[in-house]
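**Q**
In full-length UniProt numbering, the protein residues as written are 1 to 253.
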């Protein structure tokens with residue numbers, strides 16, 4: 001007697017999980033609350049199907065139903081995001097990015113966080129050159145108008161219209177130093193810190209398209225690791241260089 005194998009019946013629990021994720025993922029690309037019609041268009045699911053899933057999602061606080069009938073992410077999502085953020089080892093994630101930036105630019109790469117009106121160098125990887133910007137982990141400086149200070153002070157807002165979050169300055173803290181910084185975001189699109197490249201003015205040109213592209217790519221990589229979806233599509237070098245401009249001494253691109 002000959003027997004043949006047949007594919008097992010689809011696991012309905014898996015299908016249900018996939019539909020749940022399809023609904024939740026729709027909110028990742030839309031910051032505003034969504035109506036059933038909009039969810040139907042985003043997910044490809046019928047309204048009747050979406051409504052059945054919403055009953056459980058709303059009950060579990062994964063989704064919030066607004067008085068006008070629209071839906072948005074619920075408080076449970078934020079709790080999960082915070083739990084993820086607490087489980088992440090920042091050094092293991094940030095160190096490789098700093099190493100790649102130094103290898104690509106030859107200049108000092110650092111990661112800063114804000115504490116009140118000061119900025120703290122949380123991690124750094126110094127340039128291999130003898131003439132360099134030397135930083136130590138734990139160095140504390142004022143929250144000034146350098147590129148790092150600008151990002152930490154203003155970088156947590158909505159995405160800029162030109163798609164560029166990069167800040168570049170020269171000669172502010174040190175008349176011989178120039179720097180370029182970009183924000184790194186985490187869960188809930190909160191500002192985690194500033195990723196910065198800095199070097200001597202005579203050698204380091206942060207306005208170059210390659211430098212700006214590398215910085216954008218590392219920011220996107222770190223932001224994704226910390227739970228952000230802000231930089232799902234990293235800015236292109238052309239857009240960074242064209243929209244933001246090269247910047248000048250003390251200028252904000």
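Virtual Cβ for every residue (Gly too), placed ideally from N, Cα, C.
By Cβ distance below 6 Å, which residues in the same chain neighbour residue 193 in space, the five residues on each side in sequence not counted?
**A** Residue 193 sits at position 193 when you count from the first residue of the chain shown. So the qualifying residues of the chain are 111, 112, 113, 184.
**Q** Helix, strand or coil for residue 201? Go by DSSP, reduced to three states.
**A** Taking the first residue of the chain shown as 1, we reach residue 201 at position 201. Coil.
**Q** With DSSP run on the structure shown, which of helix, strand or coil describes residue 231?
**A** By 1-based counting over the chain shown, the position of residue 231 is 231. In this structure, residue 231 counts as coil in the three-state DSSP scheme.
**Q** For residue 46, count neighbouring C-beta atoms within 10 Å of its own C-beta (all shown protein chains included) and say buried if the count is 16 or more, exposed if not.
**A** To locate residue 46, count along the chain shown from 1; it is residue 46. Counting Cβ neighbours within 10 Å, residue 46 comes out exposed, since fewer than 16 surround it.
**Q** Per the DSSP calculation, residue 137 is bridged to which residue(s)?
**A** Here residue 137 is taken as the residue at index 137 of the chain shown, counted from 1. DSSP, once it has assigned bridges, lists no residue as partnering residue 137.
**Q** Between which two residues does the beta strand (DSSP E) harbouring residue 183 extend?
**A** Taking the first residue of the chain shown as 1, we reach residue 183 at position 183. Looking at the DSSP string, the run of the beta strand (DSSP E) that includes residue 183 is 177–185.
**Q** Identify the continuous beta strand (DSSP E) that holds residue 63 and give its terminal residues.
**A** Position 63 of the chain shown, counted from the first residue, corresponds to residue 63. Start and end: 63–65.
**Q** Under 7 Å Cβ to Cβ from residue 149, same chain only, skipping five residues before and after it: list those, please.
**A** Position 149 of the chain shown, counted from the start, is the residue given in the question as residue 149. So the list reads 119, 143, once near-sequence residues are dropped.
**Q** Shortest alpha-carbon distance to residue 23 belongs to which of 75, 43, 30, 37?
**A** By one-based count along the chain shown, residue 23 stands at place 23. The candidate whose alpha carbon is nearest that of residue 23 is 43.
**Q** If I follow the unbroken beta strand (DSSP E) through residue 114, where does it start and stop?
**A** Counting from 1 along the chain shown, the entry for residue 114 is found at position 114. Looking at the DSSP string, the run of the beta strand (DSSP E) that includes residue 114 is 108–115.
**Q** Could you say which of 19, 63, 70 lies nearest to residue 34 if we only look at CA atoms?
**A** Counting from 1 along the chain shown, the entry for residue 34 is found at position 34. Selected option, being the one with the closest Cα: 70.
**Q** For residue 211, which three-state DSSP category applies?
**A** Reading the chain shown from its first residue, position 211 is the one you call residue 211. Helix, per DSSP.
**Q** Kindly indicate which three-state DSSP category residue 72 falls into: helix, strand or coil?
**A** The residue you call residue 72 lines up with position 72 of the chain shown. In this structure, residue 72 counts as strand in the three-state DSSP scheme.
**Q** For residue 90, verify whether its CB is less than 8 Å away from any heavy atom of the ligand SAM.
**A** Inclusion of the ligand SAM in the displayed structure is not the case, the ligand content being empty and no account of it being possible.
**Q** Residue range of the beta strand (DSSP E) that residue 132 falls in?
**A** Translated into positions along the chain shown, residue 132 becomes position 132. Looking at the DSSP string, residue 132 is not in any beta strand (DSSP E), and its letter there is neither H nor E.
**Q** Could you have a look at residue 33 and say whether DSSP puts it in helix, strand or coil?
**A** On the chain shown, residue 33 is found 33 positions in, with the first residue counted as 1. If DSSP states are grouped into helix, strand and coil, residue 33 belongs with coil.
**Q** For residue 55, count neighbouring Cβ atoms within 10 angstroms of its own Cβ and tell me buried if that reaches 16, exposed if not.
**A** Against the chain shown, residue 55 aligns to sequence position 55. Exposed, since its Cβ has fewer than 16 Cβ neighbours within 10 Å.
**Q** From the DSSP output, which residues share a beta bridge with residue 123?
**A** Position 123 of the chain shown holds residue 123. 111, per the DSSP bridge assignment.
**Q** Which residue marks the beginning of the alpha helix (DSSP H) containing residue 148, and which one marks its end?
**A** Reading the chain shown from its first residue, position 148 is the one you call residue 148. Element bounds for residue 148: 147–154.
**Q** By DSSP, does residue 42 sit in helix, in strand, or in coil?
**A** Working through the chain shown from its first residue, we reach residue 42 at position 42. If DSSP states are grouped into helix, strand and coil, residue 42 belongs with the helices.
**Q** To the nearest angstrom, report how far apart residue 136 and residue 26 are at their CA atoms.
**A** Residue numbering aside, residue 136 sits at position 136 when the chain shown is read from its first letter. Residue numbering aside, residue 26 sits at position 26 when the chain shown is read from its first letter. Their Cα atoms are separated by approximately 43 Å.
**Q** According to DSSP, simplified to helix, strand and coil, what is residue 188?
**A** As a position in the chain shown, residue 188 is number 188, starting the count at 1. Three-state result, residue 188: helix.
**Q** Between residue 199 and residue 226, is the Cβ-Cβ spacing less than 9 Å?
**A** Against the chain shown, residue 199 aligns to sequence position 199. Against the chain shown, residue 226 aligns to sequence position 226. Not in contact: residue 199 and residue 226 (Cβ atoms no closer than 9 Å).
**Q** With a CB to CB cut of under 7 Å and the five nearest residues on each side skipped, what residues in its chain are close to residue 21?
**A** The residue labelled residue 21 in the question sits at position 21 within the chain shown. Excluding sequence neighbours, residue 21 sits near nothing in its chain.
**Q** Relative to the C-alpha of residue 83, which candidate in 188, 204, 165 has its C-alpha closest?
**A** On the chain shown, position 83 is the one that residue 83 refers to. Among 188, 204, 165, the Cα nearest to that of residue 83 is on 188.
**Q** Measure the C-alpha to C-alpha separation of residue 14 and residue 107 and round it to an integer number of angstroms.
**A** As a working mapping, residue 14 is identified with position 14 in the chain shown. As a working mapping, residue 107 is identified with position 107 in the chain shown. Using only the alpha carbons, I get a separation of about 49 Å.
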